[in-house]
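Engineer:
Number of protein chains: 2
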Amino acid sequence: MNTTPIPETTVEFHLAERPEGWPTPDTFRRVERTLPELAEGEVRVLNRFVSVDPYMRGRMNLGESYVAPFELDAALTGGAVGHVVASNAPELPVGTAVSHDQGWRSVAQGPATTFRRAAEIPGVPLSTSLGILGMTGLTAFVGLRDIAEIKPGDVVFISGAAGAVGTAAGQIARLMGASRVVGSAGTDAKVAMLTERYGYDAAFNYNDAAPVAEQLAEVAPDGIDVYFDNVGGEHLEAAIGALHRGGRIALCGASSEYNVTTPKVGPRNMSRLITQSLRLRGFTIGEHVAVAPEFAKAMGEWFAAGKIAYDETVVEGIENTPQAFIDLLAGKNVGKMVVRVDA
Amino acid sequence: MNTTPIPETTVEFHLAERPEGWPTPDTFRRVERTLPELAEGEVRVLNRFVSVDPYMRGRMNLGESYVAPFELDAALTGGAVGHVVASNAPELPVGTAVSHDQGWRSVAQGPATTFRRAAEIPGVPLSTSLGILGMTGLTAFVGLRDIAEIKPGDVVFISGAAGAVGTAAGQIARLMGASRVVGSAGTDAKVAMLTERYGYDAAFNYNDAAPVAEQLAEVAPDGIDVYFDNVGGEHLEAAIGALHRGGRIALCGASSEYNVTTPKVGPRNMSRLITQSLRLRGFTIGEHVAVAPEFAKAMGEWFAAGKIAYDETVVEGIENTPQAFIDLLAGKNVGKMVVRVDA
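Structure representation (structure tokens):
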């Protein structure tokens, strides 16, 4: 009997079929397979946390997205963090914490060059390197600073504000000098968290009967300068209508559209871009990873100074990854949703 | 009898009522009035040409636009060019050619500071300072260079391409290094002019039965990098759908919406801004007049080198200004439409 804890197999999830509308458990197929022997330059990594993110829904469709669609009958990929448990690469010895893109599985293996060292901060869970200290925080940082070009004094509106990116963005906007930060979320409990925990000045529940434009006008009666869009649809039209001259929108996500199979309705007030000199810019974080060191420095200082609150919704057990993803799309998370591999 | 040619009266057009949908002759009221005596520092200007422009339609509505709405029962304003015929300001002696904002009238009067010297180029009509050498050309220049951030090799799509801005933009895009320039216009005759006279590689008639997206795909089968929007609506959605990753749209006008009273439909593919990192930016030329000297230098060189074709649709007689404006909105112009004051 092998007494070392080196796992010989991995549990991984494959895309069994492309979902139409909402994904279901049938969208996924659980596969357990024996790992090949470690080649020269490779490492084997026991994942501690794997990430589920809204953008993954887009990759489950055929057709263009910002990265290639997931392949059918192959392991899904995504953010993950773990520890090296076997190494044929001197630069990543056993015990090193690494983040990488082989999520949706319990054990990862591949060339050391495809793994990045992850910081282990005493008292801070490793999962934060997938969230507030990782891609999620970076997304909020880049969206506000480089895409929306936030300026001190701006009134900032963030939709889907209780999600991973939204909770980060509200606080970062404030730290970058926003004069007022308002947000929307999908439940009253989330709305309460925005003002009580994340420093939002005001927030509203977009599932209330009142139109988004009306609710936005209540929390930002003098209009807005910046909109950080995680929702799309009705939110986008409302924000275009509320922007001051020279206002800017960073389009980061469109959660209202991910699982919709009925015809969409576009913003009917696009001519306001002309009359008010508005700018709309979409982005995906993959094109902005060069900002990571700058972000790490800024966020590291804010984080160490206790200026950043964060929440994680931790789902226990790799077996529950598909359901975690389905729950994420249904908005059952607050802050970053991750799966702890060893429940 | 006074033997000097100094006019004592002006014919001007007031806004009689705010149009719903298309303006009609009843929208306007002709007023003839005697001019007050010239005050210190003032000049009187006999207009030679007055401009009619699509943006004026927006100012006839109440509600926000990029400039204040036109007032009811007051003279309309707009671009004009003429000669000083009486002067109490030494810096603008009698005979000086000036451009200014007191259009929609035969004679203008006011402080010399509100008039700008206009270049008189031998063999070139003064009306060009309202068009290709003036705000129209500047709008195309700024829209391509500063708003759409055109790069050498870009494939550029321009809608409403036979209009004043569109005919300028197609040529300027090429001079700025576009690899392919395609356009849309509202009649077959205009479409033919685009390729025969204005250097467009291909063009289509947006009043044909085929959807704009289909027609665009035919003239730009490999997609586009830049879209210069003068039309809005269906064109905008088609362009968003055809843009390459990192593509840019300059929103300059929305002629398809100016006189529409039915509910608008917005672009349903806004999430493509995210997946393809697209940028949309609206603008009005009033915020970019600082670029005028740079534009004048560049356009002056192109123009002198015979690289710029232009057309003007000249309507004869100040009395016909309202009809000229109505015809402009109906697309009866090719290139810049102006009214010659003295028919």
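Going down the list, the protein sequences come from chains A and B.
First residue of the first sequence: 1, per UniProt numbering; consecutive thereafter.
First residue of the second sequence: 1, per UniProt numbering; consecutive thereafter.
Note that beta-carbon positions come from the ideal geometry of N, C-alpha and C, so glycine has one too.
What residue does the alpha helix (DSSP H) around residue 158 of chain A start on, and which one ends it?
Structural biologist: Taken as a continuous stretch (DSSP letters only), residue 158 of chain A belongs to no alpha helix (DSSP H), being part of the beta strand (DSSP E) at 155 to 158.
Engineer: Rounding to the nearest angstrom, what Cα-Cα distance links residue 2 of chain A and residue 314 of chain A in this structure?
Structural biologist: Below a pLDDT of 50, predicted positions are generally treated as unreliable, and residue 2 of chain A, at 41, falls in that range; no measurement from the model is reported.
Engineer: Along the beta strand (DSSP E) that carries residue 139 of chain B, what are the first and last residues, could you check?
Structural biologist: No beta strand (DSSP E) holds residue 139 of chain B; the alpha helix (DSSP H) holding it covers 135 to 142.
Engineer: Could you tell me whether any Cβ in chain B is nearer than 8 Å to the Cβ of residue 179 of chain A?
Structural biologist: no
Engineer: Going along the chain, which residues of its own chain have a beta-carbon closer than 7 Å to the beta-carbon of residue 70 of chain B, five neighbours each way excluded?
Structural biologist: 15, 59, 60, 76
Engineer: By the criterion of Cβ-Cβ separation under 8 Å, what are the contact partners of residue 265 of chain A in chain B?
Structural biologist: The answer, in chain order, is 265, 266, 268.
Engineer: Between residue 131 of chain B and residue 336 of chain B, which are expected to be in contact by the criterion C-beta below 8 Å, what is the C-beta distance as a whole number of angstroms?
Structural biologist: A Cβ-Cβ separation of about 3 Å places residue 131 of chain B in contact with residue 336 of chain B under the 8 Å criterion.
Engineer: Could you tell me which chain B residues have their CB closer than 7 Å to the CB of residue 278 of chain A, listed as they occur along the chain?
Structural biologist: 282
Engineer: Where do the N-terminal and C-terminal ends of the alpha helix (DSSP H) with residue 55 of chain B fall, by residue?
Structural biologist: 55 to 59
Engineer: Note down, one range per segment and in chain order, each alpha helix (DSSP H) of at least 4 residues found wholly within the segment 249 to 321 of chain B.
Structural biologist: DSSP runs (the alpha helix (DSSP H)) wholly in the segment 249 to 321 of chain B: 272 to 275, 292 to 304.
Engineer: Which residues does DSSP pair with residue 42 of chain A in a beta bridge?
Structural biologist: A:111
Engineer: Could you check which residue in B:262, B:178, B:55 has the C-alpha nearest to that of residue 163 of chain B?
Structural biologist: The closest CA to that of residue 163 of chain B, considering only B:262, B:178, B:55, is found on B:55.
Engineer: With the cut-off set at 8 Å, would you say residue 299 of chain A and residue 63 of chain A are in Cβ contact?
Structural biologist: Not closer than 8 Å, so no.
Engineer: Short of 8 Å in beta carbon distance, which residues of its chain neighbour residue 13 of chain A, apart from the five on each side in sequence? Order them along the chain.
Structural biologist: Counting only Cβ-Cβ distances below 8 Å, and skipping sequence neighbours, we find 28, 29, 30, 31, 75, 76, 104, 105, 321, 322.
Engineer: With 16 as the cutoff for other CB atoms within 10 Å, does residue 290 of chain A come out buried or exposed?
Structural biologist: The residue is exposed, with fewer than 16 neighbouring Cβ atoms inside 10 Å.
Engineer: In the structure shown, what three-state DSSP assignment does residue 212 of chain B receive?
Structural biologist: helix
Engineer: So which residues of chain B does residue 236 of chain A contact, with C-beta pairs closer than 8 Å?
Structural biologist: 270
Engineer: Would the beta-carbon of residue 44 of chain A be found less than 7 Å away from any heavy atom of the ligand MG?
Structural biologist: Among the components modelled here there is no ligand, and therefore nothing to report on the ligand MG.
Engineer: Is residue 1 of chain A close to chain B, meaning its C-beta is less than 8 Å from at least one C-beta of that chain?
Structural biologist: Since pLDDT at residue 1 of chain A reaches only 39, below the 50 mark, its modelled position is unreliable, and the value read off the structure follows with that caveat. Not closer than 8 Å to any Cβ of chain B, the Cβ of residue 1 of chain A fails to qualify, so no.
Engineer: In chain order, what residues of the same chain have a beta carbon less than 7 Å from the beta carbon of residue 21 of chain B, not counting five sequence neighbours either side?
Structural biologist: Cβ-Cβ distances below 7 Å link residue 21 of chain B to 259, 261 in the same chain, with the five nearest sequence neighbours on each side left out; the list follows chain order.
Engineer: Under three-state DSSP, which class holds residue 176 of chain B?
Structural biologist: coil
Engineer: Residue 232 of chain B versus chain A: which residues are under 7 Å apart at the beta carbon?
Structural biologist: 270, 271
Engineer: For residue 351 of chain A, does the three-state DSSP call read helix, strand or coil?
Structural biologist: Summary: the structure shown does not reach residue 351 of chain A, with chain A confined to residues 1 through 343, and so no result is reported for it.
Engineer: DSSP puts residue 10 of chain A in a beta bridge; with which residues?
Structural biologist: Paired residue(s): A:33.
Engineer: Give me whichever residues DSSP pairs with residue 72 of chain A in a beta bridge.
Structural biologist: A:15
Engineer: Per DSSP, residue 229 of chain B is paired with what?
Structural biologist: The partner list for residue 229 of chain B (beta bridge, DSSP) reads B:251.
Engineer: At a Cβ threshold of 8 Å, is residue 292 of chain B touching chain A?
Structural biologist: no
Engineer: Mind listing the chain B neighbours of residue 138 of chain A? Cutoff is C-beta to C-beta under 8 Å, in chain order.
Structural biologist: Residues of chain B whose Cβ lies closer than 8 Å to the Cβ of residue 138 of chain A do not exist; the shortest such Cβ separation is about 16 Å.
Engineer: So, at 8 Å on beta carbons, what are the nonlocal neighbours of residue 116 of chain B in its own chain, with the 5 sequence-adjacent residues on each side left out?
Structural biologist: Cβ within range, chain order: 98, 99, 100.
Engineer: Counting only beta-carbon separations shorter than 8 Å, does residue 253 of chain A have a partner in chain B?
Structural biologist: yes
Engineer: Considering Cα atoms alone, identify which of B:222, B:161, B:254 is closest to residue 199 of chain B.
Structural biologist: B:161
Engineer: So, is the C-beta of residue 149 of chain A closer than 8 Å to a C-beta in chain B?
Structural biologist: no
Engineer: Are any of the Cβ atoms in chain A nearer than 8 Å to that of residue 287 of chain B?
Structural biologist: yes
Engineer: How is the alpha helix (DSSP H) around residue 203 of chain B delimited, first residue to last?
Structural biologist: Looking at the DSSP string, residue 203 of chain B is not in any alpha helix (DSSP H); the run it does join, the beta strand (DSSP E), is 202 to 205.
Engineer: Using the beta-carbon count (16 or more within 10 Å), is residue 246 of chain A buried or exposed?
Structural biologist: exposed
Engineer: Would a check of beta-carbon distances place residue 20 of chain B closer than 8 Å to chain A?
Structural biologist: no
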